[in-house]
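In this note's numbering, the protein residues as written are -5 to 509.
Glycine included, each C-beta is placed from N, C-alpha and C at the ideal position.
Since this is a predicted model, take the numbers as computed values, not measurements.
Working notes, structure below.
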């Protein structure tokens, strides 16, 4: 690999590990296995604001990575040292063409892994340990690529369900006609089945009353790239919803509840579209090249992932996001005969890109150092937060010591999936005895607009802070220690929680979804 290109990729390694270093527990291991997915986000995202200069665009523009009328080289990542403080990343360029697409070999590796049998769960999905094992073997080490490949193999009938009394298991179907096809025909089948998979996956997630998306619609979007906004307008028109009119009225009219719900659904459909369409035909098959207009901020993403994993909530909203647009790669142009009047551009100068990245990295370090100076001697307080005096409903949380009591309450209620409370009381308790009380209602004659900080009352006045709200809701924050502040971590954050509170929150989420 070109040494200058390697320097560009080293910025991913450094940026990712800078925050990953401070992750802990089981969350850290999960975030390690998600690193190839986040690499793909970085690979197709702008390196600098208000540009379309992504690592993918830079890499594939180099003359040595282009084989005219055949295909192109594109980069992938693998990782090691999961048990260490930081990950060891390695980068490899794979050749993507009709005759030599890496997916052919990856399907063979999958079938070899299934031999003689592979146990699957009751829903017909792979176990996580098998996903992790295959991440290390395939050309793309993304866990979602493993899942896609497994689902694709099922659509191609490359394995059969085995009869079993107790366990679900499968075995390879080595006599399948697909395996005997020439590579060009294999790729046609893979694209067809991928379009069907994409349509089915999006249809499973879209709101009730939304017209089904067909595989033909997906193929048309693949063959004829349009902007992501235009795709959403087209999808909603299919359900007699004028999304463009709603967007145009955002600044001029108050939205109805229906229009607000529609806009909310656009966000989630965008996430599913990114996962089912952009990643499949972009990162996995390399038929399209997406562009995400904003640089990736690993500090924010990794911290958000940590919290989502801790509370066992859907983490895909932290990973996937709608891109701005996409174009055909060289392979896509060959397949869809889209090379007419194709403009030729000179290679993007890598040395200048690397120089700019070095300057930006230095600026980030300076900014974090300044942030650390502003925090001074501030500490992080660790609390065991308990809901409604039920010892089984707890969370271990970290909050900055200079946080006001009012702000701490506003942080804590949403942590338990409770609505933000405007009226609540705050009590300080010391070994079960009330030591102080603070009035938070402006209507009270004793109200003060000055809210004490946590460090003003803990642990000098008491060891617990108790927030009480309407409906007999109480959350007690019991002080259990302190630690140094870390500029790579975002506070407040949830470090751990009980199995019981996780189950309760899943029930609350299910009820909200049904309503």
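Contact check for residue 476 against residue 395 passes: the beta carbons are separated by less than 9 Å. Less than 9 Å separates the beta-carbon of residue 141 from that of residue 125.
When Cβ pairs closer than 8 Å are counted between the two stretches, the stretch 99 to 114 is seen not to touch the stretch 239 to 255, the count staying below three. As DSSP reads the structure, residue 73 sits in a beta bridge with 83. Bounds of the beta strand (DSSP E) holding residue 476 are 467 to 478. For residue 301, the CB contacts under 7 Å within the same chain, skipping 5 residues up- and downstream, are 487 and 488 in chain order. Minimum Cα-Cα distance from residue 297 among the listed residues 6, -3, 131 and 14 corresponds to 14. Ranking 450, 317 and 263 by CA distance to the CA of residue 277 puts 317 first. Comparing C-alpha distances from residue 323 to each of 75, 89, 303 and 117 shows the shortest one belongs to 89. The criterion of a C-beta distance shorter than 9 Å is satisfied by residue 185 and residue 279. Apart from the 5 residues on each side of it in sequence, residue 270 sits with its Cβ closer than 6 Å to the Cβ of 192, 195 and 196 in its chain, given in chain order. For residue 322, the enclosing beta strand (DSSP E) stretches over residues 319 to 322. The Cβ-Cβ distance between residue 422 and residue 458 falls below 9 Å. Residue 459: member of the beta strand (DSSP E) spanning 458 to 463, first to last residue.
Put simply, of 219, 344 and 173 the residue whose alpha carbon is nearest the alpha carbon of residue 152 is 173. Around the C-beta of residue 154, fewer than 16 other C-beta atoms lie within 10 Å, and the residue is accordingly described as exposed. If you look at residue 211, you'll find it in the alpha helix (DSSP H) that goes 209 to 217. If only complete runs of 4 or more residues are kept, the stretch 133 to 170 shows the alpha helix (DSSP H) at 137 to 149, in order along the chain. Counted as a single uninterrupted DSSP element, the alpha helix (DSSP H) harbouring residue 408 occupies residues 399 to 409. Within the DSSP secondary-structure output, residue 380 pairs in a beta bridge with 388 and 470. If you look at residue 489, you'll find it in the beta strand (DSSP E) that goes 487 to 491.
Of the residues assessed, residue 138 falls on the buried side of the cut-off, its CB having 16 or more other CB atoms within 10 angstroms. The shortest CA-to-CA distance from residue 307 to any of 77, 497 and 36 is the one to 497.
Cβ neighbours of residue 208 within its own chain (closer than 8 Å, five residues either side excluded): 193.
Looking only at 117, 131 and 91, the smallest Cα-Cα distance to residue 103 is reached by 131. With respect to the 9 Å criterion, residue 63 and residue 391 are not classified as neighbours on the basis of their beta carbons.
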